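Going down the list, the protein sequences come from chains A and B.
Numbered continuously in my numbering, the first sequence closes out at residue 933.
Numbered continuously in my numbering, the second sequence closes out at residue 263.
First the structure, in the form of structure tokens, and then the observations on it.
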Amino acid sequence: MLGRDEDILKAAEDWSKEGRGVALATVVETWGSAPRPVGSNLVIDNEGNFLGSVSGGCVEGAVVTEAIDVIDSGKPKVLEFGVADETAWKVGLSCGGTIRVYVEKVS
Amino acid sequence: MKLDLLHTLNAERAARRAVVIVTDTEAGSQRLVKAADIAADPLAEVLDKRVRMAKSGMEETAQGRVFLTVHVPSPQLVITGAVHISQTLAPLGQMLNYAVTIIDPRTAFATPERFPGINVIAEWPDVALPPLHVDRYTAFVALTHDPKVDDPALLHALSRDCFYIGALGSRKTHGRRLERLKAQGVPDTALARIHAPIGLDIGAVSPAEIAVAIMAEITLRLRMKQDKAEAA
């Protein structure tokens, strides 16, 4: 049942209580066709394990990399991914939409 | 997100209560608003609307631009009566993401063949209802036409905070029902919560059309502001 948001959030809590570094990524805005709705979550630990989804798989790799930075620094970040956005990020959404993802540390 | 905030969030979710996280994504500041605290919150109007619509999103507020993560329990639909209307109402409820349960002690009615893929309980309401946790996110519908089944079920629903209670029957039938429930000590304010005749007045004729009218009324109660819902 880990596909459901509440279980992802429970996993975030459990991982954090186990002493793992944990970050929570949330889709905060979408434009055009986006694969996952606003509010979707991805939970990442400091070893790159993750649960959930913010894009249906297109940008998870980049979000995980950024999330590990956020776990280290403790500073939240807003990431933006779009199909034409090649300057900031090497990955994009094949569906043509744009998404903004908020990444924060669980501390 | 602070771990204690995450813990509270998960506890509220487990208890099937709505909760909103208000995040300033630029400053990184964050707070949690429980359903019970929405009315007293500076963002009350926005929060109330977001919770009714079960929709997360960015919002411009007097306090600046914030992201609202809205967590709302999935609704359930509890029906007494494995009857004709239920044969449309139950799958319709499922399509609208309700967890649907039908209760009917009459085993000839409550068969899996008549309700494929639906949770049908062939028991009396006093046995079947307590484990279902009828709560704020439950719509309750009484359709048997049989006071022996519907009345105890309605008594149970009225003792809970469910967002919708409806009962099948003409005004005359409902009048008699109200007298029976009143005799059982139910106050008028509670009785006024029962929608009867059930469903929006769309001129429904067939059982399937009545099911649509019921589901429309349930949706109205779930999504609209209370005063607008009253006016409809």
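No residue lacks a Cβ here, since even glycine has one placed at the ideal position from N, Cα and C.
Just so it is clear, the structure is predicted and the values come from calculations on it, not from any experiment.
Query, Result
"C-alpha gap between Q215(B) and T119(B), whole angstroms", "32 Å"
"Beta bridge counterpart(s) of N867(A) as assigned by DSSP", "T852(A)"
"Beta carbon of A107(B) nearer than 8 Å to that of T204(B)", "Residue identity differs from the one stated: residue 107(B) is Gln in this sequence, not Ala. The answer is no: Cβ separation not under 8 Å."
"Cα-Cα separation, G200(B) to I229(B)", "7 Å"
"For I116(B) and A239(B), the rounded distance between their alpha carbons", "6 Å"
"Other residues of its chain near E57(B): CB distance less than 7 Å, five sequence neighbours each side excluded", "none"
"Cα-Cα separation, V890(A) to S60(B)", "22 Å"
"Of the listed residues E873(A), G865(A), W841(A), nearest to D898(A) (C-alpha basis)", "E873(A)"
"Proximal residues to G829(A) (C-beta, below 6 Å), its chain only, five neighbours per side dropped", "Here G829(A) scores only 42 on pLDDT, less than 50, and its place in the model is too uncertain to base an answer on."
"At least three beta-carbon pairs within less than 8 Å, the stretch 835 to 845 of chain A to the stretch 36 to 45 of chain B", "yes"
"P161(B) versus S190(B), A139(B), T142(B), F140(B), residue with shortest Cα-Cα distance", "S190(B)"
"Spatial neighbours of A49(B) in its chain, beta-carbon cut-off 6 Å, leaving aside the 5 residues before and after", "A66, V82, V103"
"Minimum Cβ-Cβ distance from K33(B) to chain A less than 8 Å", "yes"
"Bounding residues of the alpha helix (DSSP H) (the contiguous stretch that carries R44(B))", "34 to 45"
"Chain-order list of residues whose beta-carbon lies under 7 Å from that of D79(B) (same chain, five-residue window excluded)", "I69"
"Against chain B: residues of the stretch 885 to 913 of chain A by CB proximity under 8 Å", "K901, P902, V904"
"Straight-line gap, V172(B) to A247(B) (C-alpha atoms, nearest Å)", "13 Å"
"As assigned by DSSP and simplified to three states, the class of V64(B)", "strand"
"Cut-off 7 Å between Cβ atoms - residues of its own chain near F98(B), not counting five sequence neighbours on either side", "T54, T56, M89"
"Neighbour flag for G865(A) against chain B, beta carbons, 8 Å", "yes"
"8 Å Cβ cutoff, N150(B) in contact with chain A", "no"
"Any chain B beta carbon closer than 8 Å to K852(A)", "The residue you asked about is not Lys; residue 852(A) is Thr in the sequence shown. Yes - at least one Cβ of chain B is within 8 Å of the one on T852(A)."
"Residue-chain proximity (Q107(B), chain A), Cβ-Cβ < 8 Å", "no"
"Cβ pair V932(A), L905(A) closer than 8 Å", "no"
"Coil, strand or helix - Q257(B) by DSSP", "helix"
"Beta-carbon proximity list for A252(B), same chain, < 8 Å, skipping 5 on both sides", "Rather than Ala, the amino acid found at residue 252(B) in this sequence is Arg. Excluding positions up to five away in sequence, the list reads A170, F194, Y195, A260."
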